[in-house]
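Structure first, commentary second.
There are 2 protein chains.
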Amino acid sequence: MKIYVVGLGPGGKDDMTIRAVRAIKNAEVVTGYTYYINLISDMLKGKEIFSSAMTKEVERCRKALQYALSGKTVAMVSSGDTGVYGMAGLIYEVCKDHPNVEIEVIPGVTAACSGAAVVGAPLTHDFAVISLSDLLTPWEVIEKRIRSAAAADFSICIYNPSSKKRADYLAKACGYILQYRSPDTPCAYVENIGRDGENYTICTLGELKDARTNMFTTVFIGSSRTKIINGKIVTQRGYRDI
Amino acid sequence: MKIYVVGLGPGGKDDMTIRAVRAIKNAEVVTGYTYYINLISDMLKGKEIFSSAMTKEVERCRKALQYALSGKTVAMVSSGDTGVYGMAGLIYEVCKDHPNVEIEVIPGVTAACSGAAVVGAPLTHDFAVISLSDLLTPWEVIEKRIRSAAAADFSICIYNPSSKKRADYLAKACGYILQYRSPDTPCAYVENIGRDGENYTICTLGELKDARTNMFTTVFIGSSRTKIINGKIVTQRGYRDI
Chain A
65 MKIYVVGLGP GGKDDMTIRA VRAIKNAEVV TGYTYYINLI SDMLKGKEIF SSAMTKEVER
125 CRKALQYALS GKTVAMVSSG DTGVYGMAGL IYEVCKDHPN VEIEVIPGVT AACSGAAVVG
185 APLTHDFAVI SLSDLLTPWE VIEKRIRSAA AADFSICIYN PSSKKRADYL AKACGYILQY
245 RSPDTPCAYV ENIGRDGENY TICTLGELKD ARTNMFTTVF IGSSRTKIIN GKIVTQRGYR
305 DI
Chain B
65 MKIYVVGLGP GGKDDMTIRA VRAIKNAEVV TGYTYYINLI SDMLKGKEIF SSAMTKEVER
125 CRKALQYALS GKTVAMVSSG DTGVYGMAGL IYEVCKDHPN VEIEVIPGVT AACSGAAVVG
185 APLTHDFAVI SLSDLLTPWE VIEKRIRSAA AADFSICIYN PSSKKRADYL AKACGYILQY
245 RSPDTPCAYV ENIGRDGENY TICTLGELKD ARTNMFTTVF IGSSRTKIIN GKIVTQRGYR
305 DI
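Residue numbers (the numbering used here), protein chains in the order written: chain A, 65 to 306; chain B, 65 to 306.
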């Protein structure tokens, strides 16, 4: 009775770890959001698959639990790392009355790290990771976190910067940060990391306010120690020059 | 003229991505801290190797640049993700006058993610990553970040919690956080992630204050939404119950 919770990394199979590949090979049942199942479809021959839409996470965890209780080895897959805004927490919650079901989280490369690698090295020193989705979190909590991270000179990585319903959230977030940081602060955003259509933009905080982003964009906001070097954004390791 | 900056993930080769394996295969010269070179020694046959001790990072980057300028493909390797307290930023700085040297950062699984997977799912919602090393950062900056992260209810992941010279730093950090959070807050720390001797402890914030940690320990401090489920620490995705 085992559930692997597998992070696939940013996109292509090349960004999976060897452990992640092996867990999927070991699994009899594989489940995930349809888009991610499709990304690894050629690894799934002979396996039972169930996929579902993005908002059905609790249902998917319950079904994974049912399969595990029936004696099957299950792999729940998602992009990035399942421990960062992913399913790892939810599966522990859903399985809490079944301590005999073994849960093994296989970590993956989260968008903070894979996106950072595309745009340079913005997170080489202390950083904060914040989602702008207020579906499950009151905006007041999000605002407080943005302001605190900005005031304490963290580099900031933003997940879910906007969606159709939340078109102005990134602009609002930039507005808060501009109260603490210069509009010249180096920033970047990247889309479709590791997938077809990967592209990134280096800009200033002042420009980021007007950037067009979507659910698949990851945003980086530099600290006072971030600069632009040869078209990439780079945060120095510390507060002393080399 | 190319330098790969390769994150190996937490420890064993199983945690490397397929891209990381390929970059090392492509490289003619491989460099890194001696300990990491040894971890992947069986991949290095026929390659030129130079390794050095932990404090020689700038020197190692300069040597990598020299090799690249001589036309060789170089892989700089280190554990975890090179973009998180790693060499990715430094190599951009050292190469800043050589824009013709191509730098490709290959992201890896950083200890925040690999450690989180061992102890449960502490970082499934907004989190801050803070190093307690004051070698390059004034302690006042570190203190401000710890207090800000604690006040804004981030989950917190701490790198470099202590060393022989900094034996009491984690206790000091916990002291600050206890001004904002209950001593019952679920916490965890993990050592030797993905390597021989991997072990972890789940505890409370009050207990963490007295924990014995070292340079290879990664520490997790829960938010107000973190609880213990079947011996693991788990942060809920948001502020609404499932």
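Virtual Cβ for every residue (Gly too), placed ideally from N, Cα, C.
Bridge partner(s) assigned by DSSP for residue i
{"i": "residue 176(B)", "result": "Per DSSP, none; premise fails for residue 176(B)."}
{"i": "residue 221(B)", "result": "193(B), 284(B)"}
{"i": "residue 255(B)", "result": "263(B), 281(B)"}
{"i": "residue 142(A)", "result": "71(A)"}
{"i": "residue 97(B)", "result": "116(B)"}
{"i": "residue 167(B)", "result": "67(B)"}
{"i": "residue 137(B)", "result": "66(B)"}
{"i": "residue 247(A)", "result": "DSSP lists no partner for residue 247(A)."}
{"i": "residue 268(A)", "result": "250(A)"}
Residue i, DSSP secondary structure in three states
{"i": "residue 291(B)", "result": "strand"}
{"i": "residue 116(A)", "result": "strand"}
{"i": "residue 68(B)", "result": "strand"}
{"i": "residue 182(A)", "result": "helix"}
{"i": "residue 240(B)", "result": "helix"}
{"i": "residue 104(A)", "result": "coil"}
{"i": "residue 77(A)", "result": "helix"}
{"i": "residue 296(B)", "result": "strand"}
{"i": "residue 92(B)", "result": "coil"}
{"i": "residue 158(B)", "result": "helix"}
{"i": "residue 205(A)", "result": "helix"}
{"i": "residue 85(B)", "result": "helix"}
{"i": "residue 122(B)", "result": "helix"}
{"i": "residue 228(B)", "result": "coil"}
{"i": "residue 129(B)", "result": "helix"}
{"i": "residue 44(A)", "result": "Look at the range of chain A in this structure, 65 to 306, and you will see that residue 44(A) is not part of it."}
{"i": "residue 153(A)", "result": "helix"}
{"i": "residue 187(B)", "result": "coil"}
{"i": "residue 35(A)", "result": "Given that chain A is displayed from residue 65 to residue 306, the structure contains no residue 35(A) and the question cannot be resolved."}
{"i": "residue 200(A)", "result": "coil"}
Buried or exposed (CB count within 10 angstroms, at least 16 for buried), residue i
{"i": "residue 98(B)", "result": "exposed"}
{"i": "residue 276(B)", "result": "exposed"}
{"i": "residue 113(B)", "result": "exposed"}
{"i": "residue 247(B)", "result": "exposed"}
{"i": "residue 225(B)", "result": "buried"}
{"i": "residue 26(A)", "result": "Only positions 65 to 306 of chain A appear in this structure, which leaves residue 26(A) out of reach."}
{"i": "residue 192(B)", "result": "buried"}
{"i": "residue 308(B)", "result": "Because chain B is modelled from 65 through 306, residue 308(B) falls outside the range shown and cannot be assessed."}
{"i": "residue 153(A)", "result": "buried"}
{"i": "residue 74(A)", "result": "buried"}
{"i": "residue 243(B)", "result": "exposed"}
{"i": "residue 229(B)", "result": "exposed"}
{"i": "residue 250(A)", "result": "buried"}
{"i": "residue 287(A)", "result": "buried"}
{"i": "residue 160(A)", "result": "exposed"}
{"i": "residue 133(A)", "result": "exposed"}
{"i": "residue 142(A)", "result": "buried"}
{"i": "residue 180(A)", "result": "buried"}
{"i": "residue 72(A)", "result": "buried"}
{"i": "residue 18(B)", "result": "In this structure chain B extends from 65 to 306, so residue 18(B) is not present and cannot be described."}
{"i": "residue 196(A)", "result": "buried"}
| message | Measuring CB atoms only, is the segment 101-109 of chain A touching the segment 121-129 of chain A, in the sense that at least three cross pairs come out at less than 8 Å? | response | No, the segment 101-109 of chain A is not in contact with the segment 121-129 of chain A.
| chain A contacts made by the segment 84-106 of chain B, where a contact means CB separation under 7 Å | none
| request: Would you be able to state if there are at least three C-beta pairs under 8 Å between the segment 226-240 of chain B and the segment 272-279 of chain B? | output: yes
| Using 8 Å as the Cβ pair cut-off and three pairs as the minimum, do the segment 65-74 of chain A and the segment 125-139 of chain A touch? | yes
| At least 3 beta-carbon pairs within less than 8 Å: the segment 83-93 of chain B vs the segment 186-196 of chain B | Contact between the segment 83-93 of chain B and the segment 186-196 of chain B is absent, because fewer than three Cβ pairs lie under 8 Å.
| Inter-stretch contact (C-beta, 8 Å, three-pair minimum) for the segment 209-221 of chain B and the segment 255-267 of chain B | Pairwise C-beta distances place the segment 209-221 of chain B out of contact with the segment 255-267 of chain B, as fewer than three of them are shorter than 8 Å.
| task | With 7 Å as the C-beta to C-beta threshold (strictly closer), list the residues of the segment 278-303 of chain B near chain A in chain order. | result | Against chain A - using a Cβ distance shorter than 7 Å - the residues of the segment 278-303 of chain B are 293, 294, 296, 298, 299, 300, 301, 302, 303.
| request: Taking a Cβ distance cut-off of 9 Å, strictly less, list which residues of the segment 171-196 of chain A are near chain B, in chain order. | output: 171, 172, 173, 174, 176, 177, 178, 179, 180, 181, 182, 184, 185, 186, 187, 188, 189, 190, 191, 192, 193, 194, 195
| task | With 8 Å as the C-beta to C-beta threshold (strictly closer), list the residues of the segment 230-263 of chain A near chain B in chain order. | result | none
| For the segment 113-124 of chain B, which residues have a CB atom closer than 8 Å to at least one CB atom of chain A, in sequence order? | 122
| task | Please list the residues of the segment 154-169 of chain B that have a C-beta atom closer than 7 Å to any C-beta atom in chain A, keeping them in chain order. | result | 154, 156, 157, 160, 163, 169
| task | Using a Cβ-Cβ cut-off of less than 8 Å, list which residues of the segment 265-276 of chain A approach chain B; keep chain order. | result | none
| said: Give me the subset of the segment 129-153 of chain B whose CB atoms are less than 7 Å from a CB atom of chain A, sorted by chain position. | reply: 145, 147, 148, 149, 150, 152, 153
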